[in-house]
Amino acid sequence: MGLKEKIITKSLWVYHVSAGSCNNCDIEILDCLTPRFDIERFGMQLVGSVRHADVLLVTGAMNKKSLKRFKRVYEQAPKPCFVVAVGTCPCSQHMFRPSYSMEAPLDEIIPVDVYIPGCPPKPEAIIAGIVKLIEKVTKK
Amino acid sequence: MIKDEVKKKLEGKFKDWFVKNPRRIYFTIDKSNLRSVAEVLYKDFKMRLSTVSGVDNGDNFELIYHFGSDKTGELFNVRVFVYERHNPEVDSLVPMFRATEWVEREIHEMLGIKFIGHPDLKHLLLDHDWPEGNYPLRKTCILEKKPYPQDKEDENG
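Protein sequences, first through last, are from chains A and B. The opening residue of the first sequence carries number 28 in my numbering; numbering runs sequentially from there. The opening residue of the second sequence carries number -5 in my numbering; numbering runs sequentially from there.
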């Protein structure tokens, strides 16, 4: 484990990207941040700008319109930046796959580090996903 | 209940008067009468336009203008059929109801119905690069089909 990985996993700052979701996964992310599950005690904090972020939490099936915006957001993120797909929609496009406005699943556009399936995933599942992300980064 | 008054006032302008239940009335009007009927419902009966819905029936387009009367709780669903498959056009209600601007933009991008008198018929929900003339909710819409992962497995085994 290098110094960079050690520093980055001590306090992951997350940025929440909603790429056309139904808001259910967004509510579950909110549950993680609020006192009941309170991931801030592990140093994870929601940041307002992608320029401060270490992790992008992506929710929602990416449609043609949000894809361009998402690419622009991803380019602004400081690297290394980890991408976590929250919910079945960014993992596999879910039921929206045959839709007219779908382009591609998220991992065909940018590299995805952790997939958290579920519609919506429980806050416990999201926390477990982040733990897996930390394991993956530190064991590299 | 004001449906009898409405029926009397709109005499000769509608057909297929259908009372689905005491508070829900459907009737069909000619598209040239749309503005005058909307004016009667809005100005004389103080109704409001809830929303507009559009559907492609295959050989025609159907627009339903949902007017609601807040005093009596009745809902009047005004059907307008557009029979032109190429270049369908309907009068816009934006001069009377400013709020129909967005719903008409959405119907325009999804079904390709042109609203005459609309100030700016640009895309509302679709991407601005969406190809012109390809309307996603039309029955004739062409979409490139992507194979499903399970389809690929079927081919192999």
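Ideal Cβ placement from N, Cα and C applies to all residues, glycine included. Small disclaimer: the values here were computed from a predicted structure and weren't measured.
Proximity of the region 109 to 125 of chain A to the region 141 to 155 of chain A meets the contact definition, three or more beta-carbon pairs being nearer than 8 Å. For C146(A), the closest C-alpha among the options S45(A), C49(A) and I34(A) is that of C49(A).
In the three-state DSSP reduction, V49(B) falls in the strand class (E or B).
At a cut-off of 8 Å between beta carbons, P16(B) makes no contact with chain A.
Taking every protein chain shown into account, the CB of K92(A) has 16 or more other CB atoms within 10 angstroms, so this residue is buried. In this structure, the beta-carbon distance from V0(B) to F70(B) falls below 8 Å.
According to DSSP, N71(B) shares a beta bridge with Y20(B) and H60(B). The Cβ atoms of P82(B) and V76(B) sit closer than 8 Å to each other. With the criterion set as a beta carbon lying under 7 Å from some beta carbon of chain B, the members of the region 84 to 109 of chain A are K91 and K92, in sequence order. With at least 16 other beta carbons inside 10 angstroms of its own, D50(B) counts as buried.
A Cβ of chain A is located within less than 8 Å of the beta carbon of D121(B).
With respect to chain B, the C-beta atom of Y127(A) has a partner C-beta closer than 8 Å.
Beta-bridge annotation (DSSP): I110(B) is paired with D85(B). Under the DSSP assignment, S45(A) falls in the beta strand (DSSP E) whose first and last residues are W40 to S45.
Beta bridge pairing from DSSP links M129(A) with N90(A).
Judged by beta-carbon spacing, V82(A) lies within the 8 Å limit of V111(A), meaning their Cβ atoms are closer than that value. Contacts with chain A (Cβ-Cβ distance below 7 Å) from the region 68 to 94 of chain B involve no residue at all. Under the Cβ criterion of 8 Å, L115(B) is not counted among the residues facing chain A.
In the DSSP assignment, D10(B) falls within the unbroken beta strand (DSSP E) covering F8 to N15.
A Cβ-Cβ separation of about 7 Å places P105(A) in contact with R78(A) under the 8 Å criterion. Between the beta-carbon of G87(A) and that of S126(A) there is about 13 Å, and that puts the pair past the 8 Å contact cut. For A112(A), there is no enclosing alpha helix (DSSP H); the enclosing beta strand (DSSP E) covers residues F109 to V113. Under the 8 Å criterion on CB atoms, L137(B) is classed as interfacial with respect to chain A. Out of D114(B), G67(B), H112(B) and N54(B), the CA that lies nearest to the CA of L105(B) is found in N54(B). Cβ neighbours of E67(A) within its own chain (closer than 8 Å, five residues either side excluded): L60.
Here the alpha carbons of V31(B) and I56(A) stand approximately 49 Å from one another.
Selection K37(B), N27(B), H60(B) and D38(B) evaluated against S47(B) yields H60(B) as nearest (Cα-Cα). The straight-line gap separating the alpha-carbon atoms of I107(B) and L119(B) is approximately 15 Å. Of all alpha-carbon atoms in E100(B), W96(B), K116(B) and H122(B), the one lying nearest the alpha-carbon of L131(B) is that of E100(B).
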